[in-house]
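>
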Amino acid sequence: MQIKLRGFRKKAFSTLEIVIFIVVIATILSFLLPKFDTFFEKSDLLKLKSDIALINNGIQKEKSKNILIQKYGDINKLDDANIDSEKEKLFEYILDFPIISTSTNESKNGYWAKVSVDKYIFFTRKNQYEFLLKDGQFLCVSSEKLCEEIYFELL
């Protein structure tokens with residue numbers, strides 16, 4: 402017994418149509434992917450600049466508070482976080498809401514790592530920026546080019 406289906410025809414894409422579709426999508430992605438990388442790098446830098454402004458503001462606030470209680474001298478410690486550990490609270494002495502750390506092994510983009518008592522690193526997709534607490538100031542100690550990249554827009 403044979404069943405005849407009238408007007409039923411199987412429709413499908415031809416191989417050529419599928420290849421053309423893949424080529425078009427690949428071409429579009431080849432233009433978009435570098436833009437996404439640049440976008441994410443810029444967002445990490447924006448977060449870094451924001452964090453630096455918060456940290457410097459917190460240091461100034463702490464200095465002012467110390468002057469009012471007649472405690473003179475430089476701030477020489479920003480937190481009690483363990484060195485090179487993940488999920489530590491960084492800058493807790495000067496910020497109302499501490500920043501959560503990463504480790505140098507993990508190197509998560511957009512995160513800070515504490516590498517010594519007074520030295521910190523911020524990771525982006527392309528670079529790592531090093532900072533040092535010295536004489537009560539939070540200073541960039543990376544290459545001059547990297548530091549200018551951060552402070553050029555802050556000043």
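Quick note: the sequence shown uses the working numbering, first residue 402, plus one each step.
A virtual CB, placed ideally from N, CA and C, is assigned to each residue, including glycine.
The structure presented is a predicted model; accordingly, all values stated were derived computationally and were not measured.
To the nearest angstrom, how far is the alpha carbon of Gln538 from that of Ile522?
For the purposes of this step, residue 538 is taken as the residue at position 137 of the sequence shown. For the purposes of this step, residue 522 is taken as the residue at position 121 of the sequence shown. Cα to Cα, the separation comes out at about 15 angstroms.
> Using the Cα positions of Leu479 and Lys443, report the straight-line distance between them to the nearest angstrom.
Stepping through the sequence shown from its first residue, residue 479 is reached at position 78. Stepping through the sequence shown from its first residue, residue 443 is reached at position 42. In a straight line, the C-alpha of Leu479 is about 27 angstroms away from that of Lys443.
> Can you tell me where the alpha helix (DSSP H) with Phe423 in it begins and where it stops?
For the purposes of this step, residue 423 is identified with residue 22 of the sequence shown, where counting begins at 1. Checking the sequence shown, residue 423 turns out to be Ile, not Phe. Per DSSP, Ile423 belongs to the alpha helix (DSSP H) from Thr416 to Leu469.
> Using only CA atoms, which one of Ile495, Ser486, Asp536 and Ile426 lies nearest to Ala514?
To locate residue 514, count along the sequence shown from 1; it is residue 113. Residue Ser486 is the option with its Cα nearest to Ala514.
> How about the stretch 525-533 and the stretch 493-501: do they share at least three Cβ pairs that are nearer than 8 angstroms?
no
> Should the stretch 487-495 be regarded as contacting the stretch 458-466, the criterion being three or more beta carbon pairs within less than 8 angstroms?
yes
> Can you check whether the CB of Thr525 is closer than 7 angstroms to the CB of Asp445?
Along the sequence shown, one-based indexing puts residue 445 at 44. Along the sequence shown, one-based indexing puts residue 525 at 124. The answer is yes: Cβ separation under 7 angstroms.
> Quick one, which of Asn510, Val425, Thr505 and Leu434 has its alpha-carbon nearest Ser517's?
Position 116 of the sequence shown, counted from the first residue, corresponds to residue 517. Of the candidates Asn510, Val425, Thr505 and Leu434, Thr505 places its Cα closest to the Cα of Ser517.
> By DSSP's criteria, Tyr473 is part of a beta bridge. Which residues make up the other side?
Here residue 473 refers to the residue found at position 72 of the sequence shown. According to DSSP, which records beta bridges pairwise, Tyr473 is partnered with nothing at all.
> Which residues does DSSP list as the beta-bridge partners of Glu531?
In the sequence shown, the residue the question calls residue 531 occupies position 130. The partner list for Glu531 (beta bridge, DSSP) reads Ile522.
> Expressed to the nearest angstrom, what Euclidean distance is found between the alpha-carbon atoms of Leu455 and Lys546?
Reading the sequence shown from its first residue, position 54 is the one you call residue 455. Reading the sequence shown from its first residue, position 145 is the one you call residue 546. Their backbone Cα atoms lie some 22 angstroms apart in a straight line.
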